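Structure first, commentary second.
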Amino acid sequence: MDGPQEASITTYRGGPLLVRGNYVVRDGKGKKIPARRRTVALCCCGASSIKPWCDGSHKQLRPAE
Ligand code: FES
Numbered sequence: 030m031d032g033p034q035e036a037s038i039t040t041y042r043g044g045p046l047l048v049r050g051n052y053v054v055r056d057g058k059g060k061k062i063p064a065r066r067r068t069v070a071l072c073c074c075g076a077s078s079i080k081p082w083c084d085g086s087h088k089q090l091r092p093a094e
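Count the sequence shown with my numbering and you get residues 30 to 94, in order.
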């Protein structure tokens with residue numbers, strides 16, 4: 030990353046939350062989960078095999094809108 034940028038979260042119906050900017054993702058115990066990209070997709074459907082990240086499995090649950 031090339032400097033601080035306010036984080037933003039974009040919702041997608043039936044899909045992930047896209048998180049952009051200056052963010053930190055932590056597990057339920059407060060431990061930082063490394064993210065290697067400026068933009069990440071957080072799974073909201075529960076079907077991902079790489080939680081907390083989205084792996085695209087939500088597409089199998091509902092048709093794209
Ligand atoms: S939101 Fe994409 S796999 Fe769950």
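Yeah, the Cβ is synthetic: ideal placement off N, Cα and C, and Gly gets one too. Fair warning: this is a prediction, and the values are worked out from it, not measured in the lab.
Residue from the options whose Cα sits closest to the Cα of residue i
i: Thr16; options: Val53, Arg65, Leu71, Ala76; result: Nothing about residue 16 can be reported from this structure: the residues present for the chain run from 30 to 94 only.
i: Lys35; options: Tyr52, Cys83, Ser86, Ile62; result: The question names Lys, but residue 35 in the sequence shown is Glu. Ranking the options by Cα distance to Glu35, first place goes to Tyr52.
i: Arg66; options: Arg49, Lys88, Arg42, Ser77; result: Arg49
Simplified DSSP assignment, three categories, for residue i
i: Lys88; result: helix
i: Met30; result: Summary for Met30: the model assigns pLDDT 45, below 50, so the residue's position carries little reliability, and this model does not support an answer.
i: Cys74; result: coil
8 Å contact criterion, which residue i and residue j should meet: CB distance rounded
i: Cys73; j: Leu46; result: 6 Å
Residue i Cβ short of 7 Å to ligand 3 heavy atom set
i: Pro45; result: For ligand 3, the structure offers nothing, since it holds only ligand 1.
- request: Within the stretch 33-69, note down every full beta strand (DSSP E) run reaching 3 residues or more, in order along the chain.
  value: Given a length threshold of 3 residues, each whole run of the beta strand (DSSP E) inside the stretch 33-69 is given here in chain order: 37-40, 46-49.
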